[in-house]
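S.K.:
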Amino acid sequence: MLRFHLAVLMAKCAQLALRLLGRKATHAPGVVALTLCPRFLEVAPKPALTVCVTGTNGKTTVSNLIADALIADGKTVVENREGANIAPGCAVNLLNALTLGGKCRVDAAVFEVDERASRLILPPLQPDYLVVTGLFRDSLKRNAHPDYIFSIIDTYCPDRTKLILNADELCSSLLKPDSQRTYFGIGRMDGDHEEPYQLVADHTLCPRCGTKLRYDYLHYHHIGHAACPQCDFRSFDADFLAETVDTAAGKLTVRHGDEEEVYPLISDVVFNIYNEMAVITLLRTLGVSASRVSELIGALKVPSSRLDSKQAGGVNVVMAMSKGQSCVSSCRTFDMVAHAPGKKSVVLMMDDYYDRKKSVEYIGWIYDVDYEVLNRESVVQVVAAGPRCLDHKVRLLLAGVEDDRITCCSDDAACASVIDTEKTDTVYLLYDTSTYDVACQVRKELITLLEKEGK
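Numbering follows numbering that gives the first Met the number 0, in which position 240 of the sequence shown is assigned residue number 239; successive positions increment by one, without gaps.
Written as structure tokens, this is what we have:
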């Protein structure tokens, strides 16, 4: 225990020093703690409730919403809100739960956990709950294939941990068959399909016999309700099923057993409805009443780092996360933009910021993204920004977008001046996790230009 107490003391000193220097201190203090005490995540006292959230997309949104709901319910909570989700970041989150003497001082801890790093985090943490948003095709050089990530979580998630899973996602829904699992899902919606219709659909064959699955309804990619015509395999029934999504009234009707529960709808975008369902399912599984969950959900908002909008000079400026290397994330964002009303300018800032010096980013992922949905009259301009702007231009041209609607800007931090605001009602700034700060800078400059023009 001497190593543990030394680790707490030195890590907190490092954290204080970094904050005095104006740094966020979300990673380095964890390195200190794990270096001095490699078993820090295991031996540190845990709060009464420990929740981990992982998945290819949506884990930051879901973990932040869970933390906000628990705080609103009167609990003291720590969470790695900044997204430091590998072992050192999770160590910092646990460090924040401890006093200088090494005693736990909070009621709950919520951990966003990188799916590939989960093997280093879940076994020592031994969380009470693991929420999995879903497993999709992601960075080829980092995550290989969803089945590989599945094998990591399935192997290293503790047997005692209760799982909250997406019944409509055919990869992650099969995790830990012998563990306690609670499922959420979304029922049939207007505009659903019965066959995969996008470039990427990773799980379309029966995992038991390999026969092509038949879908009762398909929301997007491989997300929906499927059954095998050859054997008895079928998608799991959701314990909490969003039967009705009323975007006009802003309400979500959820079937739980024989009961109907009505909740406020915090976003009308399908992937955020899934995120909300994950939060509702966890809170209800924790024993919070439906009426209380409805109150808590009504006070929540999608984190501004994932989706945010501001008005300036008569133009709506929207920032939306569109993870580079993650085709499903970008497809969902592109689809949201394409189906939004009005004339739109779209700025693509999705290249990995940390790869730029050596230019080693694998660009093939853009050919899995449905750029074709941007080929419509309502999209008046697409700005391909960043060092790979010409790659994005080629992909746009192959998608049928006319050359005169494409603008290239190799320096994405300077692209505000090339955005044509005269013909547009909304400007969408789509950014990677690593280019959020760049997107904020562009938005600031764009708003300044709009206010000067007085449009």
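For each residue, glycine too, the CB sits at the ideal point set by N, CA and C.
1. Going by other Cβ atoms of all chains shown within 10 Å of its Cβ, with 16 needed for buried, is GLU452 buried or exposed?
2. Less than 8 Å separating the beta-carbons of LYS175 and CYS156?
3. Since VAL317 contacts ILE446 with CB under 8 Å, what's their CB separation in whole angstroms?
4. I want to know whether the region 58-65 touches the region 104-111 - three or more CB-CB distances under 8 Å.
5. In terms of residue numbering, what span does the alpha helix (DSSP H) encompassing ALA86 cover?
6. Could you tell me which of LYS342, GLY186 and PRO122 sits nearest to LEU251, measuring between CA atoms?
7. Can you give the Cα-Cα distance for ASN84 and VAL77, rounded to whole angstroms?
8. In the DSSP output, what is PRO263 paired with across the bridge?
9. Considering just the uninterrupted stretch of the alpha helix (DSSP H) at ASP146, what are its terminal residues?
10. Could I get the ranges of all uninterrupted alpha helix (DSSP H) runs contained in the region 144-229, with 4 residues as the minimum, in chain order?
11. Looking only at C-alpha atoms, which of ASP238, ASP267 and ASN165 sits nearest to ASP257?
12. Does the separation of the CB atoms of ALA241 and ILE272 fall below 8 Å?
13. Quick check: what's the CA-CA separation for ARG2 versus LYS45?
14. If you follow the beta strand (DSSP E) that GLU444 is part of, which residue opens it and which one closes it?
15. Could you tell me whether the Cβ atoms of SER344 and LEU429 are closer together than 8 Å?
16. I need the DSSP call for HIS255, collapsed to helix, strand or coil.
17. Please identify the residue among LEU162, ARG118, TYR128 and LEU124 whose C-alpha is closest to the C-alpha of ILE148.
18. Does the distance from the C-beta atom of VAL301 to that of SER266 stay below 8 Å?
19. In this structure, does DSSP put MET320 in helix, strand or coil?
20. Using three-state DSSP, classify LEU19 as helix, strand or coil.
21. Tell me whether ALA6 is buried or exposed, calling it buried when 16 or more other Cβ atoms sit within 10 Å of its Cβ.
22. Per DSSP, what are the beta-bridge partners of LYS343 in this structure?
23. For ALA311, report the span of its beta strand (DSSP E) as first-last.
24. Among ILE151, ASP351 and VAL368, which one has its Cα closest to the Cα of TYR361?
25. Tell me, which residues are paired with THR55 by DSSP?
26. Span of the alpha helix (DSSP H) holding VAL327?
27. Considering only residues of the same chain and omitting the five flanking positions on each side of CYS230, which have a CB-CB separation below 8 Å?
28. Which term fits LYS11, buried or exposed, when burial requires 16 or more other beta carbons within 10 angstroms of its beta carbon?
29. Excluding the 5 residues flanking ARG387 on each side, which residues of the same chain have their C-beta closer than 8 Å to its C-beta?
30. Tell me, please, whether the region 330-338 touches the region 364-379 by the rule of three or more beta-carbon pairs shorter than 8 Å.
31. Tell me, which residues are paired with MET0 by DSSP?
32. By how many angstroms is the C-alpha of ARG213 removed from the C-alpha of LEU455?
33. Does DSSP put CYS36 in a helix, in a strand, or in coil?
34. Locate the alpha helix (DSSP H) running through VAL77, then write down its first and last residues.
35. For ARG442, count the other beta carbons within 10 Å of its own beta carbon; 16 or more makes it buried, fewer makes it exposed. Which is it?
36. Report the rounded CA-to-CA distance for VAL393 versus LEU347, giving the unit in angstroms.
M.R.: On the basis of the supplied data:
1. exposed
2. yes
3. In this structure VAL317 does not touch ILE446 by the C-beta definition: roughly 12 Å separates them, more than the 8 Å allowed.
4. The region 58-65 vs the region 104-111: in contact.
5. 86-95
6. GLY186
7. Straight-line Cα distance between these residues: approximately 13 Å.
8. LYS250
9. 145-155
10. Counting only runs of 4+ residues, the alpha helix (DSSP H) found wholly inside the region 144-229 occupies 145-155, in chain order.
11. ASP238
12. In contact: ALA241 and ILE272 (Cβ atoms closer than 8 Å).
13. 17 Å
14. Run containing GLU444: none in the beta strand (DSSP E); it sits in the alpha helix (DSSP H), 435-452.
15. At least 8 Å separates the beta-carbon of SER344 from that of LEU429.
16. strand
17. ARG118
18. Result yes, Cβ atoms of VAL301 and SER266 sit closer than 8 Å.
19. strand
20. helix
21. Residue environment: ALA6 is assigned as buried (16 or more neighbouring CB atoms within 10 Å of its CB, all protein chains considered).
22. VAL378 and THR425
23. From DSSP, the beta strand (DSSP E) with ALA311 extends over 306-311.
24. ASP351
25. Bridge partners of THR55: none, in fact.
26. 326-338
27. CYS205, ARG207, CYS208 and THR210
28. LYS11 should be labelled buried.
29. The residues are ASP350, GLU360 and ILE362.
30. yes
31. For MET0, which the question treats as bridged, DSSP gives no partner whatsoever.
32. It is not possible to answer for residue 455, since the shown part of the chain is limited to 0 through 454.
33. The answer is coil: DSSP assigns CYS36 none of H, G, I, E or B.
34. Counting along the chain, VAL77 falls outside any alpha helix (DSSP H), though it belongs to the beta strand (DSSP E) covering 76-78.
35. buried
36. The alpha-carbon atoms of VAL393 and LEU347 are separated by roughly 13 Å.
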